[in-house]
Amino acid sequence: MQTSDMSHSSYVVQQPQFIEYMFRKCLYFFIRQFRNSSYNELIKENGGVDVKLTIENISKKYGKKLALDGVSFEMENGVYGLLGPNGAGKSTLIRILAGVMEASSGEVLINGKNRKACDLEYRSKLGYLPQSLDFYPEFSGLDYLRFVAALKGLKGEYMERKIQSLAEQVSLTQDLHRKCVNYSGGMKRRLGIAQALLNDPEILILDEPTAGLDPHERIKFRNLISVFSRNRTVLLSTHIVSDIDSIARQTVMIRDGKVGRMESSQRFVDAMEGKVWLIKMTVDELVVYQNNHIISNVIPVGNRMEVRVVSDDKPAADAISTPPTLEDAYLYEFNSDWRTA
Amino acid sequence: MILFKYEIKKLLFNKSRLILLAAIFIICTLMGLLAAEGTLALIKSDDYSEYIRLVSENTGKFNPEQLAESGPISEATEAEYRKGNEDGFYMYLHRNPIQKFHNDYAKFGKRVQEYWNGPEYQDKASILGVYPIKEKLKELSDKTDTYEYKYYKHRLDTELSLGEPVFENTLFWNYYSLAFDPSRVGLLLLMFLAFIISPVFTQEVKTDMDSIILCSVKGRREIVTAKLLCVCVVSAILTVIFFLGMFIGTYISYGNLDGFDAPARCFTGLEWTTLDTTVGGMAMLGVLWIILAAMAFGLAITLISAKLKNQTATFGLGVAMILTFALFGFLSDGLKELLGPLADFNYVALSSYGVVFGGVKMYNIFGMPLSYGITAFMVCIALSVIAVLLAYIAQRRRSVM
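Protein chains in written order, with my numbering: chain D, 56 to 396; chain E, 607 to 1007.
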């Protein structure tokens, strides 16, 4: 009798808990559904949300090789350029930021919270274009975008509108129904850019986005990113200095797994004032000269060559000082690599 | 659901895979045709109508008089034409339907004899036949609480409830039973399956889509659910195509479904089955069972695909698994005992319908005799659940290189 009473009382106590549990489950389900359908639209209407991304002492080892060595910097809204020579650790850093590779040590913080602690939220805010990207042979461009949109939790009418709008922005509207494998290199890259933008990401990470794009497409891409980056964080890794020259809020120089200077493009250029020179010389003189100096450009002028030299000191008596560019700064920053090369 | 739609498009519903499916269907149909090739000779034979008359007259309970007539004819025929040449003897019987009838009836008589008295060479660990089991139960009458007593009691009850075998014309089903042969299901169906399923995760590495999937909201869990569901559907579709092809091939050869309602024990390879159903029911159950076994195998391949990053390596490992497990079937009883559950419940053994459901083997589960079929079902489910959980974990921990 006593047992029966006890089980009854515990049942009475558990019943409201169960109802509360089920209520919460249902509530979370509907919140998730609501977020899926309208979260991105809310962001779009409000022009994005402020995001602060902090990279704290990130290191990555491949066996004994140290690919990243205590990398630390912060990013807020705007475009950040990641510049560095091949093998500098750019792609490794980008993969870690995208959450598709684990760092050996260190952490990535989003608005002060560890990325792993808010992994799903972080992924919902992220758009990522990897360095190399191939496509499923059986998918058309439209299939591909719908598939990635589904992966990002987009659905219904909003998804279709978003796909059409992005296809228009990357000039793929006419080719959406063609198989991706038949796309040209530039078209594949544009499709890759479109997929990265599908969820209106607050954090956009692009690894070599302009590789394979013609000059017109590159300018279009630059404008697209420039408009998009308002109230958003964009990290753009590239070898093409002109891609970030005009749109990057700050440029991060990375070499041998370590972050060097992090300045605005203008500050990099300003620091180069008085370090870029034009010298006229013969071809034979140039052959000898280039072994010991940083040369950023050579233009034939009549029988001679007009050589653009990056140097702390005036390299020759007849050298004329000329306004520097970000490319000159890049070469200056990585001059030891350049000389080795 | 959208992810599932695209996963199935990647894995199956695309041009190259549909062509492959059509080729598999044609191969299976041809195999069915070849398996029943003797029937063409049988149907064309002048004595075919006489064969049908004899079978119809003797359908039903055992007739000792008919056995007295068929036995000596069968023995004489075997002595003269068999001589170790099974294929030649098989074709001879089909060209001579009357002798085929006597041969069939003699075999049936032997089966009735075995039902009551057990086979000539009894396995002491698992006695067969109603009378030997009754004898055994008498020996164990003072140990009624033991597993052995419960086992034989259960066996006797089952044998008596199923009753003495009956003679039926199940020619079509006997040919169709070849579709369930372990060499066909194990080596052909599972290999096709390993080939089709192996890219389920590895294709993401090949296309560099891994990064995009892993950094997306649904790239760690929902995509795995879609892929697993897709693998189950593909396994089911491929199994159905396999058996449908064999069915159509056999039907083209013989064109008669007689015997559908006959007791399950008339189904070749299932003479000792303990299931109380019909031949047709047994065939349908067989297809359902192989679908389940194929799903379990498909999920194992999915797990390998999730762990490895190369399609060829995944397929190679799948084939190595199939061949290794197929070899277990040729091992001596001692070695099989040594391997324990691995010999009885590996993926090839689980897909051997006749072995799982055709025998009287029981397992001692907490003192209760549990049939091979039920145990195999539980093992299949357990293996699938383990593969599914490990696939989720693999994707959660996955990173690109």
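C-beta: ideal position from N, C-alpha, C; glycine also.
Quick caveat, the model's predicted, so the values are computed rather than measured.
Please list, in chain order, the chain E residues whose beta carbon lies closer than 7 angstroms to that of residue i.
i	result
K153 (chain D)	Note on residue identity: the sequence assigns Ala, not Lys, to residue 153 (chain D). Near A153 (chain D) (Cβ distances below 7 angstroms), the residues of chain E are S817, C821.
L175 (chain D)	V823
L181 (chain D)	C821
F202 (chain D)	Y612
With a 10 Å radius around its C-beta and 16 neighbouring C-beta atoms as the bar for buried, classify residue i as buried or exposed.
i	result
N702 (chain E)	buried
L799 (chain E)	buried
K107 (chain D)	exposed
M968 (chain E)	buried
R394 (chain D)	Confidence in R394 (chain D) is poor, its pLDDT being 40 and thus under 50, which makes the residue's placement unreliable; the coordinate value appears in the next sentence. Exposed.
R827 (chain E)	exposed
Q672 (chain E)	buried
Q88 (chain D)	The pLDDT assigned to Q88 (chain D) is 48, lower than 50, so where the model puts this residue is not dependable; a value taken from the coordinates is nonetheless given after this. Counting Cβ neighbours within 10 Å, Q88 (chain D) comes out exposed, since fewer than 16 surround it.
A384 (chain D)	buried
T265 (chain D)	buried
Enumerate in chain order the residues of its own chain whose CB-to-CB distance from residue i is below 6 angstroms, with the five nearest sequence positions on each side excluded.
i	result
N390 (chain D)	I349
L626 (chain E)	none
S822 (chain E)	none
R1003 (chain E)	none
K913 (chain E)	A1000
M901 (chain E)	C838, S841
L618 (chain E)	V840
V68 (chain D)	Because V68 (chain D) sits at a pLDDT of 44, beneath the cut-off of 50, its placement in the model cannot be relied upon, and the following sentence gives the value as read from the coordinates. Hits under 6 angstroms: none found.
L989 (chain E)	A902
Y687 (chain E)	F695, Y698
L231 (chain D)	G196, L197, A222
Note down, in chain order, each residue of its chain lying with its Cβ closer than 8 angstroms to the Cβ of residue i, except the 5 sequence neighbours on either side.
i	result
I299 (chain D)	V134, G136, L138, L291, T293, T306, S320, L381
L268 (chain D)	G241, R244, R245, F276
A870 (chain E)	L876, T879, L881, D882, T883, T884, V885, G887, M888
S65 (chain D)	Caution applies to S65 (chain D), whose pLDDT of 42 falls short of 50 and renders its modelled position unreliable; the value that the coordinates give is listed next. Cβ neighbours of S65 (chain D) beyond the five flanking positions: none.
A993 (chain E)	A902, L905, A906, T908, L909
Do residue i and residue j have their CB atoms nearer than 7 angstroms?
i	j	result
P140 (chain D)	D262 (chain D)	no
L956 (chain E)	A868 (chain E)	no
I658 (chain E)	C836 (chain E)	no
A712 (chain E)	S680 (chain E)	yes
A222 (chain D)	M214 (chain D)	no
Y183 (chain D)	A153 (chain D)	yes
G964 (chain E)	L876 (chain E)	yes
L188 (chain D)	G247 (chain D)	yes
A949 (chain E)	F936 (chain E)	no
T856 (chain E)	Y737 (chain E)	no
F849 (chain E)	V893 (chain E)	yes
Leaving out five residues on either side along the sequence, give the residues of the same chain with a beta carbon under 7 angstroms from the beta carbon of residue i.
i	result
V925 (chain E)	M797, A800
W779 (chain E)	G865, F873, V885, A889
I165 (chain D)	V106, L108, C173, Y177
V338 (chain D)	M360
S62 (chain D)	Summary for S62 (chain D): the model assigns pLDDT 41, below 50, so the residue's position carries little reliability; its value from the coordinates is reported in the next sentence. No residues qualify anywhere along the chain.
Of the residues the options, which one's Cα is nearest the Cα of residue i?
i	options	result
E741 (chain E)	E:L894, E:L762, E:K689, E:Y687	E:L762
V16 (chain D)	D:E176, D:G312, D:V362	No statement about residue 16 (chain D) is possible, as the shown extent of chain D runs from 56 to 396 and does not include it.
A906 (chain E)	E:C838, E:K915, E:L624	E:C838
V289 (chain D)	D:I260, D:V126, D:G142	D:I260
A954 (chain E)	E:G904, E:V966, E:L944, E:I910	The sequence shown places Val at residue 954 (chain E), rather than the Ala named in the question. Comparing Cα-Cα distances from V954 (chain E) to each of E:G904, E:V966, E:L944, E:I910, the minimum goes to E:G904.
K335 (chain D)	D:R178, D:S220, D:R359	D:R359
T880 (chain E)	E:G973, E:Y781, E:H760	E:H760
D373 (chain D)	D:V365, D:Y385, D:L333, D:N278	D:L333
R623 (chain E)	E:V840, E:L996, E:A870	E:V840
H376 (chain D)	D:N169, D:V331, D:D339, D:V236	Reading the sequence as shown, one finds Ser at residue 376 (chain D) and not His. When only C-alpha atoms are compared, the closest one is D:V331.
Q250 (chain D)	D:R273, D:G208, D:N278	D:G208
M1034 (chain E)	E:Q705, E:Y758, E:W722	Here chain E covers residues 607 to 1007 and nothing more, so residue 1034 (chain E) does not appear.
Y860 (chain E)	E:P670, E:T776, E:S804	E:T776
T808 (chain E)	E:A997, E:K611, E:E656	E:A997
P270 (chain D)	D:N254, D:I295, D:V353	D:I295
K621 (chain E)	D:M327, D:K234, D:E388, D:I149	D:K234
Residue i touches chain E at which residues, Cβ-Cβ below 8 angstroms?
i	result
K207 (chain D)	S822, V823, K824
E162 (chain D)	Within chain E, no residue comes near E162 (chain D); the closest Cβ sits about 16 angstroms away, beyond 8 angstroms.
For residue i, which residues in chain D fall below 8 angstroms Cβ to Cβ?
i	result
K915 (chain E)	In chain order: nothing, as chain D lies at least about 13 angstroms away.
I625 (chain E)	The premise fails here: I625 (chain E) is roughly 12 angstroms from chain D at the closest Cβ pair, so nothing lies under 8 angstroms.
L609 (chain E)	F202, A205, L206
Name the chain E residues that come within less than 9 angstroms of residue i, Cβ to Cβ?
i	result
L188 (chain D)	T813, D814, M815, S817, I818
Q250 (chain D)	I818
In chain D, which residues lie with their C-beta within 7 angstroms of the C-beta of residue i?
i	result
Y998 (chain E)	Simply none; closest approach about 15 angstroms.
S1005 (chain E)	V155, M156, E157
Could you tell me which chain D residues have their CB closer than 9 angstroms to the CB of residue i, listed as they occur along the chain?
i	result
K759 (chain E)	Near K759 (chain E) there are no residues of chain D at all, since even the closest Cβ is about 37 angstroms away, more than 9 angstroms.
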